[in-house]
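Chemist: In this note's numbering, the protein residues as written are 113 to 395. Here it is: the structure, laid out below.
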Ligand SMILES: C[S@@+](CC[C@H](N)C(=O)[O-])C[C@H]1O[C@@H](n2cnc3c(N)ncnc32)[C@H](O)[C@@H]1O
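If you want it as structure tokens, here you go:
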């Protein structure tokens, strides 16, 4: 099965394990809410009559909203124009830094997308003043043909998605009814993605966030709304006990996901390094 790849390389994206998680997703969904949507790899690949994609990171949500507003073809034209205007290439560090300084003054979402395309590891990194501060992706990063194609593939589907940007606690869950589906892919307590450490200019993720999320999932479950929660239960000898206890007490189902399937020998040799990715469902 061919999956749609989001036109960005979002930290913690689920593209590599899409097949494994989709296997457990429900069929015949009216509304799908991707409450921690990130780069939207999961939203783009989940069939539903309606989609809402939400993330506290409004920078990424604003990029998708701008793609919708301009239309993909027009957005690509604007991207190409900006690249030419600013003379951005894989080698031109000065141009990248000048453009980054310009973006931080003007904050146009398409400019942020272009900046990200030429940045180190294609990442969204912000300081606490919400200034983009990812360094130049010398010799490696550019708006290449693969990204262009991935962006083009969104034409015809991105228009249908409703984008929102709020803390998961503030989302209006009354929009959901019995039979709808919520996918939750929060930051993981045990691993440290850079959205976890405050470096992206957003507050981190801690035990209270984890507990608040379980409470919301329980509330949805009681209303007959289906959910799937991605997480990591074990990492480098540590266990997410609150997650495992909650799952057990509620009798939700737990499915093991093989994230490192292309690297299993290494992990069987040293089980202390094992990272166990899981999917918890209430159906
Ligand atoms: C593991 S990533 C999601 C990746 C996504 N599933 C993908 O495929 O790209 C977790 C996301 O949760 C978001 N996030 C962190 N705290 C949040 C909060 N309190 N409310 C809503 N979103 C939050 C982060 O900005 C990040 O995009």
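All residues carry an ideal CB built from backbone N, CA and C; glycine is no exception.
(1) What three-state label does DSSP hand residue 286 in the structure shown?
(2) Considering only residues of the same chain and omitting the five flanking positions on each side of residue 265, which have a CB-CB separation below 7 Å?
(3) Spell out a yes or no on whether the stretch 335 to 343 and the stretch 284 to 299 are touching, meaning 3 or more CB-CB pairs, one atom from each, closer than 8 Å.
(4) To the nearest angstrom, how far is it from the Cα of residue 131 to the Cα of residue 151?
(5) Measuring straight from C-alpha to C-alpha, what distance separates residue 228 and residue 364?
(6) By the three-class DSSP mapping on this structure, what secondary structure does residue 134 have?
(7) Please report the distance separating the alpha-carbon of residue 343 from that of residue 330.
(8) Rounded to the nearest angstrom, what separates residue 240 and residue 300 at their Cα positions?
(9) Considering only the alpha carbon of each residue, which of 162, 161, 167, 154 lies closest to residue 282?
(10) State the CB to CB distance for the pair residue 234 and residue 253, rounded to an integer number of angstroms; the pair is presumed to be in contact (CB under 8 Å).
(11) What residue range does the beta strand (DSSP E) around residue 235 cover?
(12) Determine the closest residue to residue 207 out of 242, 218, 250, 148, with distance taken between C-alpha atoms.
(13) Taking its Cβ as the centre, do 16 or more other Cβ atoms sit within 10 Å of residue 145, making it buried, or is it exposed?
(14) For a minimum of 4 consecutive residues, which ranges assigned as the alpha helix (DSSP H) are wholly contained in the stretch 338 to 368?
(15) Quick one: what does DSSP say residue 255 is sitting in, helix, strand or coil?
(16) Give me the residue from 221, 197, 279 with the minimum Cα distance to residue 172.
(17) I'd like to confirm the pairing. Which residues does DSSP put opposite residue 274 in its beta bridges?
(18) Exposed or buried, what is residue 76 when buried is set at 16 or more other beta-carbons lying within 10 Å of its beta-carbon?
(19) Please report how far the alpha carbon of residue 199 lies from the alpha carbon of residue 174, in whole angstroms.
(20) Nearer than 7 Å: is that true of the beta carbon of residue 168 relative to any heavy atom of ligand 1?
(21) From residue 358 to residue 394, what distance separates their C-alpha atoms?
(22) Is it true that the stretch 269 to 282 meets the stretch 120 to 131, where meeting means three or more beta-carbon pairs spaced less than 8 Å apart?
(23) According to the Cβ coordinates, are residue 136 and residue 391 closer than 8 Å?
(24) Pull the bridge partners of residue 248 from the DSSP assignment, please.
Modeler: So, from the listed chains and residues:
(1) helix
(2) 116
(3) Because the criterion of three Cβ pairs below 8 Å is met, the stretch 335 to 343 and the stretch 284 to 299 touch.
(4) So the alpha carbons of these two residues sit roughly 17 Å apart.
(5) 38 Å
(6) helix
(7) 16 Å
(8) Distance between the alpha carbons of residue 240 and residue 300 is about 21 Å.
(9) 167
(10) 6 Å
(11) Segment: none, residue 235 is in no beta strand (DSSP E) and carries neither H nor E.
(12) 250
(13) buried
(14) 353 to 362
(15) Coil.
(16) 221
(17) According to DSSP, which records beta bridges pairwise, residue 274 is partnered with 164.
(18) The chain is shown from 113 up to 395; residue 76 falls before or after that span and cannot be answered.
(19) Their backbone Cα atoms lie some 24 Å apart in a straight line.
(20) Distance from the C-beta of residue 168 to the nearest heavy atom of ligand 1 is below 7 Å.
(21) 12 Å
(22) no
(23) Cβ atoms of residue 136 and residue 391: closer than 8 Å.
(24) 231
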